[in-house]
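Residue 147 is where the sequence shown starts when you use this note's numbering, and the numbers rise one by one after that. Don't be surprised by glycine CBs; every beta carbon is placed ideally from N, CA and C.
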Amino acid sequence: MMITYKIKLHIESGFITPFQADMIFGHMCWAVAHRNGDSALKEFLEPFKKKQPPFILSDGFPEDLLPKPLTADFNASESDLKKIKKLNMVSFEDFERIRRGEKFNPTEQKDISKTVTTPHNTISRITNTTPPEGGVYSLEEIFVSSVTIYLKTNSVEWKNRVLELLEDVSQAGYGRKKSIGKGQFSIKDVEEFEFPSINNPDGFVTLSNFCPTEDDPKEGFYKTFVKYGKLGEEFTFTGNPFKKPIIMIKAGSVFKTDGSPNYFYGHMVRDISPAKPEVVHYAYAFAAPIYYKNAIFSLQ
Numbered sequence: 147m148m149i150t151y152k153i154k155l156h157i158e159s160g161f162i163t164p165f166q167a168d169m170i171f172g173h174m175c176w177a178v179a180h181r182n183g184d185s186a187l188k189e190f191l192e193p194f195k196k197k198q199p200p201f202i203l204s205d206g207f208p209e210d211l212l213p214k215p216l217t218a219d220f221n222a223s224e225s226d227l228k229k230i231k232k233l234n235m236v237s238f239e240d241f242e243r244i245r246r247g248e249k250f251n252p253t254e255q256k257d258i259s260k261t262v263t264t265p266h267n268t269i270s271r272i273t274n275t276t277p278p279e280g281g282v283y284s285l286e287e288i289f290v291s292s293v294t295i296y297l298k299t300n301s302v303e304w305k306n307r308v309l310e311l312l313e314d315v316s317q318a319g320y321g322r323k324k325s326i327g328k329g330q331f332s333i334k335d336v337e338e339f340e341f342p343s344i345n346n347p348d349g350f351v352t353l354s355n356f357c358p359t360e361d362d363p364k365e366g367f368y369k370t371f372v373k374y375g376k377l378g379e380e381f382t383f384t385g386n387p388f389k390k391p392i393i394m395i396k397a398g399s400v401f402k403t404d405g406s407p408n409y410f411y412g413h414m415v416r417d418i419s420p421a422k423p424e425v426v427h428y429a430y431a432f433a434a435p436i437y438y439k440n441a442i443f444s445l446q
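Structure, rendered in C-alpha cells:
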C-alpha cells in the first residue's frame, strides 16, 4: 500500500523550468549522485527501472490548484462548456466534483501566478562583455507564491529520503538559470494526505506527465506533447547534451481501467541519450481514481 503526502514549496524567486515530475526527479537524481556518488545513483534508479518504484511524484501545481481532468469537457452544462474548455487548472473542490463524475460550475479563479518576459544579455566568457553583434535574448519567468507536489510512497523511510533530496535541490536551485538565482524554493509544509475515496472507480486521472507501456490502459481522453529534454549538470558538457524527443501524455489526461486503477502507470524511458546510454527518463503517472463511465454516458 502506498501513502500519499502533500508537499508545499515556498517559491522564493521566479522560475523558468516548470515543476514537472520528470524534471523534479532528474534534479533528485543529481542530488543522489552529488551526495553519495554514481554507484548510489545506480542503486537508487534500479527499482524504478524494474517498474517497482518506491515512490511516485506528481507535477508541481500552483498553490492548491490541480490539473483539470479532461472528462470535465464532456460532462458540463452547455452554458459552462466554453468556460470549462479554457481551463487548464481547477480548484480542489472542482477537481473532486469531476472525479465523482458530477456536473459543476467552475469556481472563479484568481490570478495566482504571473508570467513575465525579461530581456537578458549574452556575456562573453573571454571578454566579460556583450558581443559586438548584440546577444540580447528573452526568458519567460513564472512567479507564484507556492507550489504543491503530491508524493506516493511505500514507506516513511522513502518519504524522508525524498524530502532530504528535495532539500538538497532547494540548496542548489531548480531548473534553468539557477546559477543566477532563479528557481529558489524552500519546503514549507508536509502532511499526510489522501484524496477522498470514491466507490468502484473505473478510471484514473494522471497528476503527472507520463509515457504509458504497452500494457497500460488505452481508452481515454488525453493530450500529448513532445518533450525535448537535455542532460543536466556535468553531462551538459558531453558534446551532445540533447536527449531524443519523446511523446508524453499530459497531466489531466483520463483513462478507463478494468476495475480499480493502480497507484501508478508508465515506466522509465531508456535509450534516451546518444551521448550517455545509461541515462533514463522518469515517465510514471501519478494516478488518482476517477469515475470514467459518467463521462461516457454524457456523450451518448
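### Query
Do you know how far the Cα of Asp-314 is from the Cα of His-173?
Here residue 173 refers to the residue found at position 27 of the sequence shown. Here residue 314 refers to the residue found at position 168 of the sequence shown. Rounded to the nearest angstrom, the two C-alpha atoms are 9 Å apart.
### Query
When you compare each of Glu-192, Pro-252, Pro-200 and His-156 to Glu-224 by their alpha carbons, which one comes out closest?
Working through the sequence shown from its first residue, we reach residue 224 at position 78. Distance check between Glu-224 and each of Glu-192, Pro-252, Pro-200 and His-156 places Pro-252 closest, using alpha-carbon atoms only.
### Task
Can you check the stretch 267-352 for any alpha helix (DSSP H) of at least 4 residues that lies completely inside it and give the ranges in chain order?
Within the stretch 267-352, the complete alpha helix (DSSP H) runs of at least 4 residues are 302-318.
### Query
Taking Cβ to Cβ, would you say Phe-356 is nearer than 8 Å to Tyr-411?
Sequence index remark: in the sequence shown, residue 356 carries index 210 (1-based). Sequence index remark: in the sequence shown, residue 411 carries index 265 (1-based). Phe-356 places its beta carbon less than 8 Å from that of Tyr-411.
#### Entry: Residues near Glu-365 by beta carbon distance below 8 Å, same chain, minus five either side
For the purposes of this step, residue 365 is identified with residue 219 of the sequence shown, where counting begins at 1. Excluding its 5 nearest sequence neighbours in each direction, Glu-365 has C-beta neighbours in its own chain below 8 Å: Phe-401 and Lys-402, listed in chain order.
### Task
For Glu-158, collect the residues of the same chain with a Cβ closer than 7 Å to its Cβ; drop the 5 residues on either side in sequence, then sort them by chain order.
Translated into positions along the sequence shown, residue 158 becomes position 12. For Glu-158, where only same-chain residues beyond five positions count, the Cβ hits under 7 Å are Gln-330, Phe-331 and Ser-332.
### Query
Where do the N-terminal and C-terminal ends of the beta strand (DSSP E) with Ala-421 fall, by residue?
Walking along the sequence shown from the start, residue 421 turns up at place 275. Segment: none, Ala-421 is in no beta strand (DSSP E) and carries neither H nor E.
### Query
In terms of alpha-carbon separation, which member of Asp-240, Ile-288, Glu-189 and Glu-242 lies closest to Lys-260?
Taking the sequence shown and counting its residues from 1, one reaches residue 260 at position 114. It is Ile-288 whose Cα lies nearest to the Cα of Lys-260.
### Query
By Cβ distance, which residues of its chain are closer than 8 Å to Leu-377, with the 5 residues on each side in sequence left out?
Here residue 377 refers to the residue found at position 231 of the sequence shown. Sequence-distant Cβ neighbours of Leu-377 in its own chain, meaning closer than 8 Å and more than five residues away, are Thr-384, Pro-387, Phe-388, Lys-389, Ser-419, Ala-421, Lys-422 and Val-425.
### Query
Helix, strand or coil for Pro-358 per DSSP?
For the purposes of this step, residue 358 is taken as the residue at position 212 of the sequence shown. Coil, per DSSP.
### Message
Going by beta-carbon coordinates alone, are Asp-348 and Lys-439 separated by less than 8 Å?
### Response
Translated into the one-based positions of the sequence shown, residue 348 becomes position 202. Translated into the one-based positions of the sequence shown, residue 439 becomes position 293. Closer than 8 Å, so yes.
### Query
If you draw a straight line from the alpha carbon of Leu-191 to that of His-180, how long is it in whole angstroms?
By one-based count along the sequence shown, residue 191 stands at place 45. By one-based count along the sequence shown, residue 180 stands at place 34. Spanning the two alpha carbons is a distance of roughly 15 Å.
#### Entry: Close-in-space but distant-in-sequence residues of the same chain around Thr-163 (CB under 7 Å, 5 per side omitted)
Stepping through the sequence shown from its first residue, residue 163 is reached at position 17. Only Met-169, Tyr-320, Gly-321, Arg-322 and Gly-329 meet the Cβ criterion.
### Task
State the DSSP-derived secondary structure class of Leu-445, mapped to helix, strand or coil.
For the purposes of this step, residue 445 is taken as residue 299 along the sequence shown, with counting starting at 1. Low confidence applies to Leu-445: its pLDDT is 46, below 50, so where it sits in the model is not reliable, and the reading given next is rough at best. Leu-445 sits in a helix when the DSSP states are folded into three classes.
### Query
Cα separation between Ile-395 and Phe-171?
The sequence position of residue 395 within the sequence shown is 249, counting from 1. The sequence position of residue 171 within the sequence shown is 25, counting from 1. Looking at the two C-alpha atoms, the distance is approximately 17 Å.
### Message
I need the DSSP call for Asp-184, collapsed to helix, strand or coil.
### Response
Within the sequence shown, numbered from 1, the residue matching residue 184 stands at position 38. DSSP places Asp-184 in helix when its eight states are reduced to three.
### Query
Since Ile-344 contacts Pro-435 with CB under 8 Å, what's their CB separation in whole angstroms?
The residue given as residue 344 occupies position 198 in the sequence shown. The residue given as residue 435 occupies position 289 in the sequence shown. Yes, they are in contact, since the Cβ atoms of Ile-344 and Pro-435 sit about 6 Å apart, within 8 Å.
### Query
For the alpha helix (DSSP H) that contains Ser-225, what are its first and last residues?
Mapped onto the sequence shown, residue 225 falls at position 79. Per DSSP, Ser-225 belongs to the alpha helix (DSSP H) from 224-231.
### Query
For Phe-367, which of helix, strand or coil comes out of DSSP?
Translated into the one-based positions of the sequence shown, residue 367 becomes position 221. Of the three classes helix, strand and coil, the one that applies to Phe-367 here is strand, per DSSP.
### Task
Give a yes or no on whether the C-beta atoms belonging to Ile-392 and Thr-370 are separated by under 8 Å.
For the purposes of this step, residue 392 is taken as residue 246 along the sequence shown, with counting starting at 1. For the purposes of this step, residue 370 is taken as residue 224 along the sequence shown, with counting starting at 1. Result no, Cβ atoms of Ile-392 and Thr-370 do not sit closer than 8 Å.
### Query
For Asp-449, which residues from the same chain have a beta carbon less than 8 Å from its beta carbon, with the 5 sequence-adjacent residues on both sides left out?
Residue 449 lies beyond the residue range present for the chain, which begins at 147 and ends at 446; the question has no answer from this structure.
### Query
Are the CB atoms of Tyr-409 and Ile-149 nearer to each other than 8 Å?
Within the sequence shown, the letter at position 263 stands for residue 409. Within the sequence shown, the letter at position 3 stands for residue 149. It is not a contact, given that the beta carbons lie outside the stated cut-off.
### Message
Are the CB atoms of Gly-398 and Ala-215 within a distance shorter than 8 Å?
### Response
Locating residue 215 in the sequence shown gives position 69, where the first residue counts as 1. Locating residue 398 in the sequence shown gives position 252, where the first residue counts as 1. According to the sequence as given, residue 215 is Pro; it is not Ala. In contact: Pro-215 and Gly-398 (Cβ atoms closer than 8 Å).
### Message
Less than 6 Å between C-beta atoms, sequence neighbours within five positions excluded: which residues of the same chain meet that for Val-351?
### Response
As a position in the sequence shown, residue 351 is number 205, starting the count at 1. Within the same chain, Val-351 has close Cβ partners Pro-215, Val-400, Ala-434 and Ile-436.
#### Entry: Cα-Cα separation between Gln-446 and Ile-244, rounded to whole angstroms
Reading the sequence shown from its first residue, position 300 is the one you call residue 446. Reading the sequence shown from its first residue, position 98 is the one you call residue 244. Unreliable positioning characterises Gln-446 in this predicted model, as indicated by a pLDDT of 44, which lies under 50. A coordinate reading is not provided.
### Task
Could you spell out where the beta strand (DSSP E) holding Asp-210 opens and where it closes?
The sequence position of residue 210 within the sequence shown is 64, counting from 1. Careful: Asp-210 lies outside any beta strand (DSSP E) and carries neither H nor E.
### Message
Does Gly-172 come out as helix, strand or coil in the three-state DSSP assignment?
### Response
Position 26 of the sequence shown, counting from 1, holds the residue named residue 172. In the three-state DSSP reduction, Gly-172 falls in the helix class (H, G or I).
### Query
Taking the alpha-carbon positions, what's the Asn-182 to Phe-165 distance?
Against the sequence shown, residue 182 aligns to sequence position 36. Against the sequence shown, residue 165 aligns to sequence position 19. Take the alpha-carbon of Asn-182 and the one of Phe-165: they are about 24 Å apart.
### Task
Could you check the C-alpha separation between Asp-335 and His-156 for me, to the nearest Å?
Locating residue 335 in the sequence shown gives position 189, where the first residue counts as 1. Locating residue 156 in the sequence shown gives position 10, where the first residue counts as 1. Looking at the two C-alpha atoms, the distance is approximately 9 Å.
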